[in-house]
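Enquirer:
In the working numbering, the protein residues as written are 203 to 870.
1) Name the one or two DSSP bridge partners that residue 204 has.
2) What is the DSSP secondary structure of residue 189, reduced to helix, strand or coil?
3) State whether the stretch 358 to 376 contacts the stretch 461 to 469, with contact taken as three or more CB pairs (one from each stretch) at a distance under 8 Å.
4) Is residue 293 helix, strand or coil by DSSP?
5) Might you give, ordered along the chain, the residues of its own chain that have their beta carbon closer than 6 Å to the beta carbon of residue 304, omitting 5 neighbours on each side?
6) Below 8 Å on the Cβ atoms is my guess for residue 212 versus residue 297; work out the distance and round it to an integer in Å.
7) In whole angstroms, what separates the C-alpha of residue 791 from that of residue 721?
8) How would you label residue 864, buried or exposed, when you count the other beta carbons within 10 angstroms and need 16 or more for buried?
9) Which runs of the beta strand (DSSP E) at least 3 residues long sit entirely within the stretch 745 to 783? Give them in chain order.
10) Would you decide whether residue 581 is buried or exposed? Buried here means 16 or more other CB atoms lie within 10 Å of its CB.
11) I need the DSSP call for residue 365, collapsed to helix, strand or coil.
12) Considering only residues of the same chain and omitting the five flanking positions on each side of residue 560, which have a CB-CB separation below 6 Å?
13) Give me, in chain order, the residues of the same chain whose beta-carbon lies closer than 6 Å to that of residue 248; leave out the 5 immediate sequence neighbours on both sides.
14) In this structure, how does DSSP classify residue 419 when only helix, strand and coil are distinguished?
15) Looking at the structure shown, is residue 594 part of a helix, part of a strand, or coil, going by DSSP?
16) Let me make sure I understand the geometry here. Which of 800, 647 and 572 has the alpha-carbon closest to that of residue 595?
17) For a test of the three-state rule: what should DSSP assign to residue 870, helix, strand or coil?
18) What did DSSP end up calling residue 192 once you bin it into helix, strand or coil?
19) Pull up the distance between the alpha-carbon of residue 529 and that of residue 522, whole angstroms please.
20) Using DSSP with H/G/I as helix, E/B as strand and the rest coil, what is residue 561?
21) Is the beta carbon of residue 850 closer than 8 Å to that of residue 785?
22) Near residue 368, which residues of its chain fall below 6 Å by C-beta distance, leaving aside the five closest residues on each side in sequence?
23) How long is the line joining the alpha carbons of residue 500 and residue 273, rounded to whole angstroms?
24) Buried or exposed: where does residue 458 fall if 16 or more other Cβ atoms within 10 Å of its Cβ makes it buried?
25) Taking only three categories from DSSP, how would you classify residue 861?
26) Evaluate residue 651 with the Cβ neighbour count: other Cβ atoms within 10 Å of its Cβ, from every protein chain shown; 16 or more gives buried, anything less gives exposed.
27) For residue 758, count the other beta carbons within 10 Å of its own beta carbon; 16 or more makes it buried, fewer makes it exposed. Which is it?
28) Counting only the same chain and skipping the five closest in sequence on each side, list residues whose C-beta sits under 6 Å from that of residue 343.
29) In its own chain, which residues sit with a C-beta less than 6 Å from the C-beta of residue 746, not counting the 5 before and 5 after it?
30) Nearest by alpha-carbon distance to residue 588: which of 671, 517, 525 and 410 is it?
31) Just to confirm the assignment: which complete beta strand (DSSP E) runs, minimum length 3, are found wholly within the stretch 690 to 754?
32) If you drop the 5 nearest sequence neighbours on each side, which residues of the same chain put their C-beta closer than 7 Å to that of residue 286?
33) Would you call the stretch 633 to 643 in contact with the stretch 759 to 777, where contact means no fewer than 3 C-beta pairs closer than 8 Å?
34) Which same chain residues end up closer than 7 Å to residue 768 when comparing Cβ atoms and leaving out the 5 residues on each side of it in sequence?
35) Should the stretch 689 to 698 be regarded as contacting the stretch 621 to 633, the criterion being three or more beta carbon pairs within less than 8 Å?
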């Protein structure tokens, strides 16, 4: 697989793999990101995108650091910037190599003059480190640095204004800027001698090509508080720390911080063995400790925060099946306190920007995630059984009782035991896009996956009750027996697959991957023949090389391309656009129903290997994008790193590995 080791080498152009995006995180919600050639193609690219106290969501504070390094007649200009009609500087032309692991580093060369630039974050620090090292061509070199700031919400853009405070406070080891009231100051700490000169000026009209593609404004002005000059000595790293955490109290040795981080990352380091190994390593960037002090999952980079639904779907692959069940147990346990009227918050304000209980499925997906934990093998010893009974059973009980008692907003249980939800004006399932002020896929009434999750939750409740030595609720037992027949009557179509929803207008015959929640459900929901027919239909009609289509290409509403402005894109978000995450339930359903499970495991093993070889190191390095075009899925679109895309491919791969080891994907 090309660039599996994170190494890119010259020549670097302005397209293709030079646009591959990289990611560094600090484990508490902040990140740094750009392209391989250090050209920002998104408003979300920058060196310090971080949550800010007393504000919701992330803020983009430090955009970039451009350097001019000179020794004699040789001059290197690092970084590449796109303006309206020109690129300047064109650092890509002097870029010799890039290596993204274990610490991202760029090596620039002009004749014999050679300079290395490193960028990294440390866990728990709201800061970014930028390190320059003179590698050759001279014993000493002069370096002029231009720190470019935007200081705004991550979703907005900055333009020249008179509100910026141009004053800086110089200290012995660096300086502090405090550009806007209400936003935190930033402190710079240098490991060596520095001099800053000149007045604040604006670097105007940088262009972000990805924003233009997405139908947004794509020009920004960034301010520069003068030029900072440093001197580089051959072989001696010059370290810069830019951070926003209590700037007046920061007292640390940046040399020590650099050496510790370098040693920690290089200790026992080995290149990734294969694509799955790389995917698991890079997926740790999704794990964070939020400002509430709890571990959670970031739904996607660069613009998502914490989402309850995404966390539940992402949890099994990113934790249990990545060899860290304790982490998964901790995150799942922490979410219990957020259960309210059978729901979990769809969005959490700390990193997303707002908190909302507006997803009908997140509570039931909590039960789904717990079922996957049990499938993984949790619950075999006494301590694990105690955890299931004492911690998780009450949570499952509260979710189910909320539906029994009619407390779930916008939902209710029908006389036949199925769950009805929403209206023509709501979008409560994962297919929740709105365009031009209206839901694109309201999916109200009886939703196929919601009722499969409901059955799974009842099944789980019975299992945990029996584990606890309790008598199973008569109502739960009655519904487990009753629902399969009612489910088949409601959803099964003559064509052999399941309708997506059923409401007063009858069954919605649109062929979507949501029915795979039913074919991968707990035993008894569907007869074996129906499960197999559903699975085979989904594979035949919806499977692509990079994920599952959200609508059959034969449907009149199928949209072949995910493109245009916000409304145009949202109108096709779930109307054929390819999503990788349903591959988890696709593979699980397939292994559930295949007449020859070992042959099917070989098929899926080859499929995932091909997917990773095509995509893993191309768009977002070491990660999986959110979506792809529906007809010809080629380049990643949406976020370049999506948690549930990565997690469900990891889980699918591990289910396949279990077949190879055990002859079945289930835990023995």
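The C-beta atom is built at its ideal place from N, Cα and C for all residues, glycine as well.
Expert: Reading off the structure:
1) Paired residue(s): none; residue 204 is not in a bridge.
2) This structure gives no information on residue 189, because the portion of the chain shown stretches from 203 to 870.
3) no
4) helix
5) 467, 468 and 471
6) 6 Å
7) 6 Å
8) exposed
9) 749 to 751
10) buried
11) coil
12) 548
13) 262 and 265
14) coil
15) helix
16) 572
17) Caution applies to residue 870, whose pLDDT of 35 falls short of 50 and renders its modelled position unreliable; the value that the coordinates give is listed next. It is coil, neither helix nor strand.
18) It is not possible to answer for residue 192, since the shown part of the chain is limited to 203 through 870.
19) 8 Å
20) coil
21) yes
22) 402
23) 44 Å
24) exposed
25) helix
26) buried
27) exposed
28) 271, 273, 336 and 434
29) 780 and 835
30) 671
31) 703 to 705, 708 to 710 and 749 to 751
32) 407 and 409
33) yes
34) 417
35) no
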